[in-house]
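Enquirer: Protein sequences appear in the order of chains A and B. Everything in the first sequence is counted per the numbering used here, starting at 1 for the first residue and increasing by one. Everything in the second sequence is counted per the numbering used here, starting at 165 for the first residue and increasing by one.
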Amino acid sequence: MFGWNKRGCKRYEVRMEDHLGAAPEAVESDPELTAHLRECAQCRESFAAAQLSGRLFFAAAEPEVQPSEAFVTRVMASIREEQAHLLAPPAVWRPLEVLASRFALVAAVTLLALSVFLGEIAPALRQPDLVAATEVAGDWPEPPAQPATQDEVLMSLAEAENGI
Amino acid sequence: MERKHPLADTRPARPASNVDYERRLVRQAQGGDSAAYEELVRIHQPRLLAVVGGILRRNQDVEDIAQQVLIKAYLSLKRFDLRSAFGTWLYKIAVNECWDYFRKKKVRRTVYEADLSEEQLRQMEMVPAHTGGASRSREDAASRAQQRQILDRLLGELDETDRSMLVMKEVAGFTVDEIGKVFGLNVNTVKVRMFRARGRLVEAYHRRLEGRPSLRSRNP
Chain A
1 MFGWNKRGCK RYEVRMEDHL GAAPEAVESD PELTAHLREC AQCRESFAAA
51 QLSGRLFFAA AEPEVQPSEA FVTRVMASIR EEQAHLLAPP AVWRPLEVLA
101 SRFALVAAVT LLALSVFLGE IAPALRQPDL VAATEVAGDW PEPPAQPATQ
151 DEVLMSLAEA ENGI
Chain B
165 MERKHPLADT RPARPASNVD YERRLVRQAQ GGDSAAYEEL VRIHQPRLLA
215 VVGGILRRNQ DVEDIAQQVL IKAYLSLKRF DLRSAFGTWL YKIAVNECWD
265 YFRKKKVRRT VYEADLSEEQ LRQMEMVPAH TGGASRSRED AASRAQQRQI
315 LDRLLGELDE TDRSMLVMKE VAGFTVDEIG KVFGLNVNTV KVRMFRARGR
365 LVEAYHRRLE GRPSLRSRNP
């Protein structure tokens, strides 16, 4: 079974990594490594595993990314947007701005409602009151007529004295 | 005919060394020249998408994450001191962004539990290591997509750094030196880590093969 815990000999790891992907002849050009691989089964196994990893990557190779002008344009547009955002007024004022605009809106609506009420509804409500006031006034007895001449004054005084 | 960039006249002439050319572009971008940054995006786009695609293996999110990486890099470009290559710095951001994505989305990297067939597993082993890419026909596309899924599951058993290193080397074609710079490790450490990570990857592969009932009955 393959066991990676028993790593290859440390001093050969760098050299084995250097020779990965190289043709067998290239490995043979390093006589010390070749001799070591012949003797050390662990390193042989490690080297074979590392070579297999190269094949796994090759098998899954992505198609080469083609430069795209659309990507560049998008990046630069985002940068401009980000810069504009950074140059905008500090965020600390933003809640106040929102609050102020809402307050202004509420005030405008209230003012509008008030003027509609005063102009249209209030006069209509006031008229029935006047009629009612006239009706109430009609139920009271008429006050006595005021004497118009001096004779009438004397007559009314005489009547009052006589208890009429 | 080669498409001429609208701001081509303001771009530095591409010198023999790409590193110098990139340095100049970075300096211009740091000075607020967004067209210089656009050129950097154009240069690094294919490799960045390969790295992010290799790590995420989820096509629908790859472009979004790559875009996020490029925006982050632009916004912190003034802090980039040019001590390393722009690419090294960019891919460091990319690798971190990928792992942040996994953490935020709480994606289990070994989440694909659909079982693999023995045939699928064996097929991968049979692929010769150094066949030219062009010789692989279009009909291979479907089986390659399946094999990518298998590899993804195997890679899910590695830790973040090992997985990223292998992807950068094997998928995006980084050199060991470049990988060392991205992860801040020396070349020999990278080689040892990758060599051991390969072993763990193949161990996972063998475990899956040994788990096949048909195989067990054949090799008791």
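All C-beta atoms, glycine included, are put in the ideal place defined by N, C-alpha and C.
(1) At what residues does the alpha helix (DSSP H) containing B/A199 begin and finish?
(2) Which of the three DSSP states is assigned to B/L322 in this structure?
(3) Looking at B/A237 and B/V216, is the spacing between their C-beta atoms short of 8 Å?
(4) Where B/R380 and B/E367 are concerned, what is the direct C-alpha to C-alpha distance, given to the nearest angstrom?
(5) Where does A/F71 sit, in a helix, a strand or coil, going by DSSP?
(6) Enumerate, from N- to C-terminal direction, the unbroken alpha helix (DSSP H) stretches of 4 or more residues contained entirely within the stretch 83 to 118 of chain A.
(7) Cβ of B/Q224 within 8 Å of Cβ of A/A60?
(8) Could you tell me whether any Cβ in chain A is nearer than 8 Å to the Cβ of B/L254?
(9) Give me the residue from B/E186, B/L234, B/A249, B/D197 with the minimum Cα distance to B/D341.
(10) Kindly confirm or deny that the stretch 33 to 53 of chain A and the stretch 346 to 357 of chain B touch, where touching means at least three C-beta pairs closer than 8 Å.
(11) What are the residues of the stretch 8 to 19 of chain A that lie near chain B, defined by any Cβ-Cβ distance shorter than 8 Å?
(12) Out of curiosity, what's the CA-to-CA distance linking B/N352 and B/M358?
(13) Specify, as a first and last residue, the run of the alpha helix (DSSP H) that A/V65 falls within.
(14) In whole angstroms, what is the alpha-carbon distance linking B/D316 and B/L212?
(15) Any C-beta of chain B sitting closer than 8 Å to the C-beta of A/V65?
(16) Using the rule of at least 16 other Cβ atoms within 10 Å of the residue's Cβ for burial, across every protein chain shown, is A/C43 buried or exposed?
(17) Output the boundary residues of the alpha helix (DSSP H) element that contains B/K269.
(18) Tell me where the alpha helix (DSSP H) around B/K355 begins and ends.
(19) Check whether the Cβ of A/A61 lies closer than 8 Å to any Cβ atom in chain B.
(20) From the DSSP output, in three-state form, read off A/P147 for me.
(21) From B/D197 to B/Y369, what does the alpha carbon distance come to, in whole angstroms?
(22) Nearest to B/Q232 by CA position, among A/P63, A/E62, A/V75, is which residue?
(23) Rounded to whole angstroms, what's the CA-CA distance from A/H19 to A/A26? Just pull it up for me.
(24) Mind pulling the chain A residues with CB within less than 7 Å of B/Q311?
(25) Find the residues of chain A that neighbour B/M358, judging by a C-beta separation of less than 7 Å, and give them in chain order.
(26) Any idea if A/E32 is buried or exposed, counting beta-carbon neighbours within 10 angstroms, 16 or more meaning buried?
(27) Can you tell me which of the three DSSP states A/C9 falls into?
(28) Starting from A/L33, trace the alpha helix (DSSP H) both ways and give me its first and last residue.
(29) Does A/N162 come out as helix, strand or coil in the three-state DSSP assignment?
(30) Classify B/A193 as buried or exposed, calling it buried when 16 or more other Cβ atoms lie within 10 Å of its own Cβ.
(31) Can you tell me which of A/A41, A/A48, A/A104, A/V65 puts its alpha carbon nearest to the alpha carbon of B/L365?
(32) Can you tell me whether A/E120 is buried or exposed, with buried defined as 16 or more other CB within 10 angstroms of its CB?
(33) Alpha carbon to alpha carbon, what distance is there between A/A113 and B/C262?
(34) Whose CA, out of B/G218, B/T325, B/I257, lies closest to the CA of B/V335?
(35) If we ignore side chains and look at the alpha-carbon of each, how far apart do B/A199 and B/L241 end up?
(36) So that I know if they touch, is there some Cβ in chain A lying closer than 8 Å to that of B/E202?
Expert: To lay it out plainly:
(1) 198 to 220 is the extent of the alpha helix (DSSP H) around B/A199.
(2) DSSP places B/L322 outside both helix and strand once states are collapsed to three, so it counts as coil.
(3) No, these two residues do not count as a Cβ contact at 8 Å.
(4) Unreliable placement is indicated for B/R380, whose pLDDT of 41 sits below 50; the coordinate value is still reported in the next sentence. Taking the straight line from one Cα to the other gives about 16 Å.
(5) In the three-state DSSP reduction, A/F71 falls in the helix class (H, G or I).
(6) DSSP runs (the alpha helix (DSSP H)) wholly in the stretch 83 to 118 of chain A: 94 to 116.
(7) No, the Cβ-Cβ distance between B/Q224 and A/A60 is not below 8 Å.
(8) For B/L254, the answer is no, since every Cβ of chain A falls outside 8 Å of its Cβ.
(9) Taking only the C-alpha atoms, the option nearest B/D341 is B/A249.
(10) No, the stretch 33 to 53 of chain A is not in contact with the stretch 346 to 357 of chain B.
(11) For the stretch 8 to 19 of chain A, residues whose beta-carbon sits nearer than 8 Å to a beta-carbon of chain B comprise G8, K10, E13, V14, M16, E17, D18.
(12) Cα to Cα, the separation comes out at about 10 Å.
(13) Boundaries cannot be given for A/V65, as no alpha helix (DSSP H) includes it and DSSP labels it neither H nor E.
(14) Linking B/D316 to B/L212 through their CA atoms gives a straight-line distance of about 18 Å.
(15) Against chain B, the CB of A/V65 has a partner CB under 8 Å away; the residue lies at that interface.
(16) Counting Cβ neighbours within 10 Å, A/C43 comes out buried, since at least 16 surround it.
(17) That run of the alpha helix (DSSP H) goes 250 to 269.
(18) Following the DSSP letters along the chain, one finds B/K355 inside the alpha helix (DSSP H) bounded by residues 351 to 374.
(19) With 8 Å as the cut-off, A/A61 counts as an interface residue toward chain B.
(20) In the three-state scheme derived from DSSP, where H, G and I count as helix and E and B as strand, A/P147 is classed as coil.
(21) B/Y369 has its alpha-carbon roughly 49 Å from the corresponding atom of B/D197.
(22) Here the closest residue by C-alpha is A/V75.
(23) A straight line joining the alpha-carbon of A/H19 with that of A/A26 spans about 7 Å.
(24) For B/Q311, the neighbours in chain A by C-beta distance under 7 Å run, in chain order, A59, A60.
(25) The contacting residues are E17.
(26) Counting other Cβ atoms within 10 Å of its Cβ, A/E32 stays below 16 and is therefore classed as exposed.
(27) The answer is coil: DSSP assigns A/C9 none of H, G, I, E or B.
(28) First-last of the alpha helix (DSSP H) with A/L33: 31 to 39.
(29) Reduced to three states, the DSSP call for A/N162 is coil.
(30) With 16 or more Cβ atoms within 10 Å of its Cβ, B/A193 is classed as buried.
(31) Nearest of A/A41, A/A48, A/A104, A/V65 to B/L365, Cα basis: A/A48.
(32) A/E120 should be labelled exposed.
(33) Their Cα atoms are separated by approximately 56 Å.
(34) Comparing Cα-Cα distances from B/V335 to each of B/G218, B/T325, B/I257, the minimum goes to B/G218.
(35) Whole-angstrom Cα-Cα distance: 14 Å.
(36) Taking Cβ atoms only, chain A reaches closer than 8 Å to B/E202, which makes this a yes.
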